[in-house]
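Shown next, in structure tokens, is the structure this report addresses.
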Amino acid sequence: MNPTLSQFACVVYLASASLLAPAHAESVEKADPLEIRSVEDRVLTLPSDKRHTLWVAGDYEPSDGGVDVLVHFHGSPRVVRESTHSAGLNCVVISVNYGGLSSVYRRPFSKDRKLFQSILSEALIQLRSQSDFADDVKWRRVAVSSFSAGFGAVREILKTPRYFERVDGIYLVDSLYCGYVGDGTDQVETGLVHPGLMQDFVRYAQESANGEKVMIVTHCDGPTPGYASTRETADYLLEKLKLEPQSVDTIVPGRLPTQVDDFRLYRQASRKGFSLYGSPGGNETDHVKHLQHMDYWLPKLPLAKQQQDLAQ
3 MNPTLSQFAC VVYLASASLL APAHAESVEK ADPLEIRSVE DRVLTLPSDK
53 RHTLWVAGDY EPSDGGVDVL VHFHGSPRVV RESTHSAGLN CVVISVNYGG
103 LSSVYRRPFS KDRKLFQSIL SEALIQLRSQ SDFADDVKWR RVAVSSFSAG
153 FGAVREILKT PRYFERVDGI YLVDSLYCGY VGDGTDQVET GLVHPGLMQD
203 FVRYAQESAN GEKVMIVTHC DGPTPGYAST RETADYLLEK LKLEPQSVDT
253 IVPGRLPTQV DDFRLYRQAS RKGFSLYGSP GGNETDHVKH LQHMDYWLPK
303 LPLAKQQQDL AQ
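Going by our numbering, the first residue of the sequence shown is number 3, and it counts up by one from there.
The structure is reproduced here in structure tokens:
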């Protein structure tokens with residue numbers, strides 16, 4: 003990654019950090035009025051890594067059918083949790099927030115192919131230790147989301163067949179970047195998205211378009227010189243699915259204090275479980291809006307909703 007790309011990514015990360023104020027200490031997070039609606043809300047730090055946290059909303063509705071979980075990579079855990087609640091999801095949230103560029107997320111999951119399962123297992127042990135959860139409670143549906151650089155972890159997770167099958171839904175929050183053909187060499191072919199780096203995302207998109215999975219992709223139009231932007235990878239997915247986007251002029255409503263700006267969509271495409279949405283602009287503010295407005299898309303994930311029979 004050249005200096006220009008590193009600078010852009012760092013600006014985006016710092017902007018999201020300053021706007022959304024992520025915190026790792028449980029006492030800090032529980033003191034934030036945006037985060038907590040009840041004294042029963044819990045933020046549990048997983049013992050193996052303080053950057054892995056498990057959140058249970060105070061109004062979570064237990065069920066005999068198991069627990070749905072959203073595993074999110076990168077971006078303020080506080081905002082992801084508040085978005086999940088605003089979206090009406092009845093699930094717990096595991097946040098994995100390392101900070102930095104995509105390689106920071108890629109490396110741990112490429113070096114340890116069992117890491118994803120380890121995080122799920124450790125979070126389940128924590129959940130079972132809570133008095134209001136059964137000692138033998140299990141995960142029911144599993145969904146994964148990522149913002150910005152977090153896609154690096156998702157790409158590695160999808161390489162393991164049993165994880166690919168286990169994950170019921172994926173939500174890429176302006177988060178799918180990719181190297182070009184010849185990336186890292188003098189023969190890099192700018193504009194040619196690397197098929198090998200996209201193959202598992204394409205396969206997941208195809209299964210979603212067939213109704214077997216759910217995949218949500220959002221992108222802005224910001225260029226990323228030297229590697230494929232989220233707009234370019236979105237076009238690549240649409241080409242592989244032979245799906246034409248439709249022009250729209252939609253304002254995404256804001257319901258949370260973090261949603262300080264209007265968020266406009268100019269195109270969308272969908273087929274069964276696959277959906278893709280594009281927004282104009284490409285600076286760090288435009289990028290962070292995707293994270294701030296997650297509650298608009300989260301209900302599309304195949305996760306339990308509040309006040310429904312989870313056993314169905």
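Don't be surprised by glycine CBs; every beta carbon is placed ideally from N, CA and C.
Item                                                                                                         : Value
Coarse secondary structure for Gly283, derived from DSSP in three states                                     : coil
Reference Tyr100; option with closest CA among Leu239, Phe153 and Thr235                                     : Phe153
For Asp188 and Val45, the rounded distance between their alpha carbons                                       : 47 angstroms
Pro304 vs Arg142 beta-carbon contact at 8 angstroms                                                          : no
Three-state secondary structure assigned by DSSP to Gln208                                                   : helix
Same chain, Cβ closer than 7 angstroms to Leu126, five either side skipped, listed in chain order            : Trp141
Neighbourhood of Val204 by C-beta, 7 angstroms cutoff - its chain only, sequence neighbours within 5 removed : Leu239 and Lys242
Closest residue to Gln270 among Pro255, Thr287 and Glu246 (Cα-Cα distance)                                   : Glu246
Residues bridged to Trp57 (per DSSP)                                                                         : Val45 and Val95
Whole-angstrom distance between Ile121 and Tyr279, CA atom to CA atom                                        : 30 angstroms
Extent of the continuous alpha helix (DSSP H) run through Ala145                                             : No alpha helix (DSSP H) contains Ala145, which is instead part of the beta strand (DSSP E) from Trp141 to Phe149.
Coarse secondary structure for Thr2, derived from DSSP in three states                                       : Because the chain in this structure spans residues 3 to 314, residue 2 falls outside the shown range and cannot be described.
Paired residues, beta bridge with Gly171 - DSSP                                                              : Ala145 and Val216
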